[in-house]
Each structure stands twice: as C-alpha cells, then as structure tokens.
Amino acid sequence: MCVIAWLTVAIFTFLPYKMSVAANILNYLMIAVVDINKISFLAFHYQCIEISSDTIRFISFIVYRDIIFSFLLLILVNIWFAFHHKWIRFLAAVGTLGIIAILRVLLSSLSIFTYKHWSFIHELLMDVVMLLLTVLIAYMSRKITKGMKTSEKHPI
Amino acid sequence: MKNTLYEQGFNANEMVILGMIIIGGIIVIVLPKILSKASAVFSLLFGVTTGLMFDHTLAVPPLDLYDVNDQSIYQTFDMFSYLMYAPFGYIFIYIYRRFNIKGWKVIPYILGWTALAILVEVWAIKVGIFHFKNGYRSLYSIPIYLFVQSVQLFLYEKVFMNHDYDKGAN
C-alpha cells in the first residue's frame with residue numbers, strides 16, 4: 001500500500017497542469033471529511049464493512065483512506081480542469097473509478113477489509129457519487145482561491 | 157466492533173458541543189475580516205479534517221483508545237460534533253495573523269494553544285464527550301496537537317498568508 005501511495009503522490013506532484021496549491025489543499029481537506037465520514041458510517045454505524053484489527057492491515061487501510069483515495073481524486077480533478085475535451089474528462093473519470101475498484105479488490109483479497117451486507121457494486125455507486133462530489137468541491141475550491149498561483153505551465 | 161453505551165438522550169455532552177459550535181460560530185462572524193476567503197475556509201476546515209483523521213484512526217480498533225459521545229459506534233451527532241473544532245482553527249490563525257506572530261514567538265504560541273487544547277480535552281472528558289480507554293491519557297494528545305498546529309501554521313504561512321496581505325491586515 002505504501003508503494004501505491006508513493007506512486008499516487010508522485011504522479012500528482014508531477015502532473016504538468018495543476019490547480020493552485022491552495023485549491024488542492026482545500027480539495028484534499030474536503031474530500032477527506034466526506035470520505036472518512038462515509039467509511040466510518042459504513043464500518044462503525046451500519047457495520048456493512050469490517051476493517052481488519054490486525055495492526056499492519058489497519059495501517060494499510062489508513063494509508064489507502066488518507067493518501068491513495070484522496071490523491072487519486074485530486075489527480076482526477078486536476079486533469080478534469082486542465083482539459084476541456086469531454087472524452088479526456090470521461091476517460092479520466094472511468095480510469096479513476098477503475099483504479100479504485102481494482103484497489104478495493106486488492107484490499108479485500110488481502111483481508112484489509114471485508115464486506116458483510118455490502119458489495120463492490122454498492123461501493124462503485126458510492127464512488128460515482130464521490131467522484132461527482134469531488135468535481136463539485138473542486139469547482140468551489142477554485143472559486144474560493146481565484147487569483148492564487150497555479151502551476152506555471154498552464155494556469156487553470 | 158462491540159458497542160458500549162455511556163449515556164442516552166440529549167444531555168451535557170451534546171449541550172456543550174452545540175454551545176461550542178454556536179459561540180464559536182458567533183466569534184468567527186463577529187471578528188473583523190482580515191483573512192481572505194481561502195484562508196478562512198482553510199482555517200475552519202483544517203481542524204475538522206485533522207480531528208476526524210486522528211479520531212477515526214486512534215479511536216477505532218485495533219488501537220481503540222477512546223470513544224466519542226454517547227456510544228462507541230459512530231452516530232450522526234458525532235459527525236456534527238467535529239464542527240466544534242472549526243472555530244478553534246479559525247481563531248488560531250486569526251490571532252497569529254492579527255498580532256503578526258513571527259520568529260521565536262511561534263514556539264510559545266503553539267505551546268500555549270496546545271495547553272489550551274489539553275484543558276478543553278480534560279473538560280470534554282468531564283462532560284462526557286470523550287471516554288478514554290486502554291490506558292490512554294490526555295498527555296498522549298500533546299504531540300498530536302503540536303504536530304497539527306505546526307502543520308496548520310506551516311501551510312498557512314507558505315500557501316495562504318501572502319494572499320491575505322492584499323486584504324489589508326495589520
């Protein structure tokens with residue numbers, strides 16, 4: 001998980017066209033609020049997901065929740081606002097969903113979390129909602145941070 | 157996860173949380189606007205997000221060091237309770253900006269806020285917001301507060317503060 005986290009952050013860092021650092025920070029904070037609440041409600045309120053109590057697996061889960069998932073969504077929104085072509089946006093969204101789905105299968109196969117009254121289809125639907133929400137959050141973040149410095153290659 | 161029931165219904169802990177959110181919200185509204193919109197959102201959001209991150213890492217199995225509010229399972233009111241961190245983050249940045257705290261003064265500033273956070277935490281245990289278990293003590297929260305406040309100030313100074321100069325602070 002740490003290797004995947006490193007790779008995700010590295011890809012994000014070297015994206016050629018990015019929103020301002022401020023917009024990305026606000027985006028990260030808001031994505032984290034929504035995602036942590038979503039997972040906690042599913043795991044500790046509705047008990048649809050069981051997160052492993054094994055320390056190493058739990059650390060993997062935290063790395064996935066706080067780094068990999070958030071940074072994948074950040075990569076998506078940065079691509080989304082850098083390219084206005086519909087197909088690029090569509091492919092970026094489908095690609096992100098695909099990567100998240102593959103990671104979930106990996107996490108599940110490593111017993112990092114197990115589904116009880118929940119399935120990959122439910123998760124996929126939640127991911128689509130999360131993706132739309134992230135784009136909406138990014139719109140707001142860009143509006144709030146208007147005029148702040150963006151990546152020098154291409155102001156978005 | 158086994159559920160532990162500490163209290164039921166609307167009592168001291170819920171009242172304190174609502175009171176802190178309302179009073180904090182009023183303070184944020186009343187204070188002169190010296191922070192830009194981006195800085196204000198960042199300051200309000202940072203405490204909420206880090207509070208959620210640490211609570212949902214330390215307060216769940218395998219660590220399971222404490223419970224929040226009436227039950228050990230995550231409830232709807234728990235979600236709202238994180239809003240109480242927002243005004244603290246805002247006032248923390250506001251005073252830093254308003255009094256132009258720089259250089260070595262940052263150290264006592266962060267230490268002072270950490271002491272305040274520990275006092276609020278002790279009070280929160282008394283009114284039933286936090287229920288420590290598995291040997292956890294308030295002292296163990298000190299490094300967390302030091303880390304969170306340092307990161308918040310670092311990000312504010314490096315990313316957001318320059319934008320505030322245009323807003324006519326000082």
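Taken in order, these protein sequences are the chains called U and Z.
Residue numbers for the first sequence, in my numbering: 1 to 156.
Residue numbers for the second sequence, in my numbering: 157 to 326.
By construction, the Cβ of each residue, glycine as well, lies at the ideal position given by its N, Cα and C atoms.
Computed from a predicted model, the values in this text were never measured in an experiment.
Assignment of residue 226(Z) by DSSP, reduced to helix, strand and coil, places it in the coil class. Cβ-Cβ separation between residue 19(U) and residue 78(U): approximately 6 Å, consistent with a contact (criterion under 8 Å).
Taken atom to atom, the span from the alpha-carbon of residue 81(U) to that of residue 33(U) is near 22 Å. Between the alpha carbons of residue 119(U) and residue 180(Z) lies a distance of about 41 Å. Rounded to the nearest whole angstrom, the C-alpha separation of residue 305(Z) and residue 14(U) is 28 Å. Using a Cβ distance threshold of 8 Å, residue 226(Z) and residue 162(Z) count as a contacting pair.
Burial check for residue 296(Z): the Cβ neighbour count within 10 Å stays below 16, so the residue is exposed. In the DSSP assignment, residue 183(Z) falls within the unbroken alpha helix (DSSP H) covering 168-186. Assignment of residue 163(Z) by DSSP, reduced to helix, strand and coil, places it in the coil class. Within the DSSP secondary-structure output, residue 50(U) pairs in a beta bridge with 114(U).
The CB of residue 201(Z) comes closer than 8 Å to the CB of 26, 29, 30, 33 in chain U, given here in chain order.
One thing to note: residue 94(U) has its Cβ no nearer than 8 Å to the Cβ of residue 2(U).
Any Cβ of chain Z closer than 8 Å to the Cβ of residue 45(U) would place that residue at the interface, and such an atom is present. The contact set of residue 287(Z) on chain U, defined by CB atoms closer than 8 Å, is empty, because the minimum CB distance reaches about 15 Å.
Under a 10 Å Cβ-count criterion, residue 7(U) is classified as exposed, with fewer than 16 other Cβ atoms of the shown protein chains found around its own Cβ.
Closest option to residue 202(Z), judged by alpha-carbon separation, among 22(U), 107(U), 47(U): 22(U).
Counting along the chain, no beta strand (DSSP E) covers residue 83(U), and no H or E run does either. Here DSSP, grouped into helix, strand and coil, assigns residue 14(U) to coil. In terms of beta-carbon proximity, residue 113(U) stays away from the interface with chain Z, with every pair separated by 8 Å or more.
Residue nearest to residue 133(U) within the set 86(U), 38(U), 57(U), 91(U) is 38(U) (criterion: CA-CA distance).
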